[in-house]
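Below is one structure; the comments refer to it alone.
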Amino acid sequence: MELGNQIKALRLQRGVTQEALAQHLNVSPQAVSKWERGAALPDVQLLPALSAYFGVTIDALFALSDDTRMERIQNMLWDERVLDRAVVETDRAFLLEKARREPDNGRPHALLAGMEDHLSDEHRERAAEYARESLARDPMCKDAHDTLVHAMGGKLADWCSTNHRELIRWYEGFLEANPGCRSGYLWLLDQLIDDGRLDEARAWLERMEPVDGTYRTPLYRGHIAWAGGSHDGAMAVWEQMCRDWPDEWCVWLSIGDAMARTGQYGRAKDYYRRAFDLQPPPKFVDSLESIAQVCELDGDIPGAVAALEEEVALLAEQWDVRTGETVDKVRREIARLKAL
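Just so you know, we're using the working numbering here: the sequence shown kicks off at 91 and counts up by one.
Structure (structure tokens):
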């Protein structure tokens, strides 16, 4: 049902006139008439007031199906930099109820997790802003330094606060219950390698190999060798990987990441560009974002801007994304770099 028809039906059900509804919303009766005739849509800022007046959710105004509503929530997480708290509460209640009704459907909880993670990002961004303001006023404020580093995902010196033991323990249990889940091995290996638990990583890699059969096994064999200090051994593994999977763009992207992590920005950029060129359309933007970052770190500001402008064009041409946070954050980065 169209929004205008739904507003009319709810108004008649409540027994109020267009004039009464208009007065409540502080708009003209002509505006309400246009909504109901489909000649215009109410301003998005009026939707909470409309939903409250009729005693229905915002989504009920649009009479969305569950699938359409979940798609809208996913788009909201992608496109909105700051989530409306009233919408969050309504969507959280919907997703929890859907999860209760469909116990075998994992999607509602995935969206709930994404929504809470989005909110935590907002809080971390605000925490970093407050911490920077504190340090502008008092450069010696240790609490502000601690908060800034934590909020921005920086490196903390305390091993006991930064190791991944709880996440490792969870993934070990997860893989015991789901031994055929390849992605679970990859997440576990990332944590083990980052913590320097290389013997355990080798053991889990052996368990992953029978269920993998892709470039990922040699990729992580190289990661373990690199973390153990055998850089030549890692490169030998990765070079063979490139010969075995020459057309797999993720192979080149992964080696680019390894080069970037060791400050080899020129080599990293070459690998990232090769990954981007090999990728079939519609292309993901990881390679371009990585190129922009290594260019900036290498002092090549024009190269960074060019990569981000290429990303904006790619989002428009291949993904039809021209508005929203996905592209807005790239434009903010371009503006920041140009200001340098």
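No residue lacks a Cβ here, since even glycine has one placed at the ideal position from N, Cα and C. Nothing here was measured: the structure is a model prediction, and the numbers come from that model.
Query                                                                                                                                            : Result
Check whether the Cβ atoms of LEU151 and GLN96 sit closer than 8 Å, and answer yes or no.                                                        : yes
Can you check which of these residues, VAL172, ARG101, ALA365, is closest to LYS419 by C-alpha distance?                                         : VAL172
Please check the pair ARG227 and MET205, which I expect to be a contact at CB under 8 Å, by giving their CB distance rounded to whole angstroms. : Actually they are not in contact, since the Cβ atoms of ARG227 and MET205 sit about 34 Å apart, beyond 8 Å.
Please state if the CB of VAL402 and the CB of VAL417 are separated by a distance shorter than 8 Å.                                              : yes
Measuring CB to CB, does ILE163 end up less than 8 Å from LEU201?                                                                                : yes
Pick helix, strand or coil for GLY263, following the three-state DSSP scheme.                                                                    : helix
Compare the Cα-Cα distances from GLN330 to each of GLY318, ALA317, ILE345 and report the closest residue.                                        : ILE345
Check for me: the alpha helix (DSSP H) holding MET242 runs from which residue to which?                                                          : No alpha helix (DSSP H) contains MET242, which DSSP labels as neither H nor E.
Identify whether GLU212 lies in helix, strand or coil by the three-state DSSP scheme.                                                            : helix
Would you say TYR362 and LEU343 are within 8 Å of each other, going by their C-beta atoms?                                                       : yes
Identify whether TYR305 lies in helix, strand or coil by the three-state DSSP scheme.                                                            : coil
Looking only at C-alpha atoms, which of TRP277, GLN354, PHE374 sits nearest to ILE258?                                                           : TRP277
Along the chain, where does the alpha helix (DSSP H) that runs through ASN165 open and close?                                                    : 156-169
Taking the alpha-carbon of VAL239 as reference, which of SER320, ARG214, TRP260, GLU262 has the nearest alpha-carbon?                            : ARG214
Where does ARG333 sit, in a helix, a strand or coil, going by DSSP?                                                                              : helix
Measure the CB-CB distance between SER341 and TYR310 and report whether it falls below 8 Å.                                                      : The sequence given here has Val at residue 341, not Ser. No, the pair does not count as a contact, with Cβ atoms beyond the cut-off.
From the DSSP output, in three-state form, read off PRO372 for me.                                                                               : coil
Please classify CYS385: does DSSP put it in a helix, a strand, or coil?                                                                          : helix
By the three-class DSSP mapping on this structure, what secondary structure does ARG412 have?                                                    : coil
Using only alpha-carbon positions, find the residue among CYS231, ASP211, PRO269 that is nearest to MET242.                                      : ASP211
Which stretch, first to last residue, makes up the alpha helix (DSSP H) that contains GLY194?                                                    : For the sequence presented, residue 194 should be read as Asp rather than Gly. First-last for ASP194: undefined, no H or E at that position.
Is ALA200 close to the ligand MN? I mean its beta-carbon at under 7 Å from any heavy atom of the ligand.                                         : This structure lacks the ligand MN; in fact it carries no ligand of any kind.
Would you say GLN408 and PRO372 are within 8 Å of each other, going by their C-beta atoms?                                                       : yes
Output the boundary residues of the alpha helix (DSSP H) element that contains LEU137.                                                           : 137-144
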